[in-house]
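*Asks:* This structure is in structure tokens; I'll ask about it shortly.
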Amino acid sequence: MKISAGTESFKIAVLAFLLFICAVLIYYSHFILRTEIVFTHLFYIPVILAGLWWSRRGIAVAVFLALVLLISHAISPLETPFRFGHCSW
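Below is the structure:
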């Protein structure tokens, strides 16, 4: 099945918009509200779409969102440390 250039451009535009919205939510939550509310469930939307559209290459979207979330948490004024299991870093 041949994919047209317009369809691919549309997919990229939709995914870029969703990633922008996710990044804005991360910033708003960490720097404006100064809280760690559970909004990361919205990350499923771009991750699933990227997985459906580009299969294995869609993993890059999940990795990108995870890195943005971790970096934002590290530089934000939040007082909770990183926790992996019982370790506190």
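Heads up: the sequence shown begins at 17 in my numbering, then just goes up one per residue. Here a beta-carbon is modelled for each residue, glycine too, at the ideal position from N, C-alpha and C. Remember, predicted model here, so these are calculated numbers, not experimental data.
(1) Mind checking Ala76: buried by the 16 CB within 10 Å criterion, or exposed?
(2) Are the beta-carbon atoms of Ile53 and Ser45 separated by less than 8 Å?
(3) For Val40, does the count of other Cβ atoms within 10 angstroms reach 16, so buried, or fall short, so exposed?
(4) Looking at the structure shown, is Pro62 part of a helix, part of a strand, or coil, going by DSSP?
(5) I'd like the list of long-range same chain contacts for Ser25, defined as Cβ closer than 7 Å, with 5 residues on each side in sequence excluded.
*Replies:* Considering the structure as presented:
(1) Locating residue 76 in the sequence shown gives position 60, where the first residue counts as 1. Classification for Ala76: exposed.
(2) For the purposes of this step, residue 53 is taken as residue 37 along the sequence shown, with counting starting at 1. For the purposes of this step, residue 45 is taken as residue 29 along the sequence shown, with counting starting at 1. For Ile53 and Ser45, yes; Cβs fall inside 8 Å.
(3) On the sequence shown, position 24 is the one that residue 40 refers to. Val40 should be labelled exposed.
(4) Locating residue 62 in the sequence shown gives position 46, counting from the first residue. If DSSP states are grouped into helix, strand and coil, Pro62 belongs with the helices.
(5) Position 9 of the sequence shown, counted from the start, is the residue given in the question as residue 25. Answer for Ser25: no residue qualifies.
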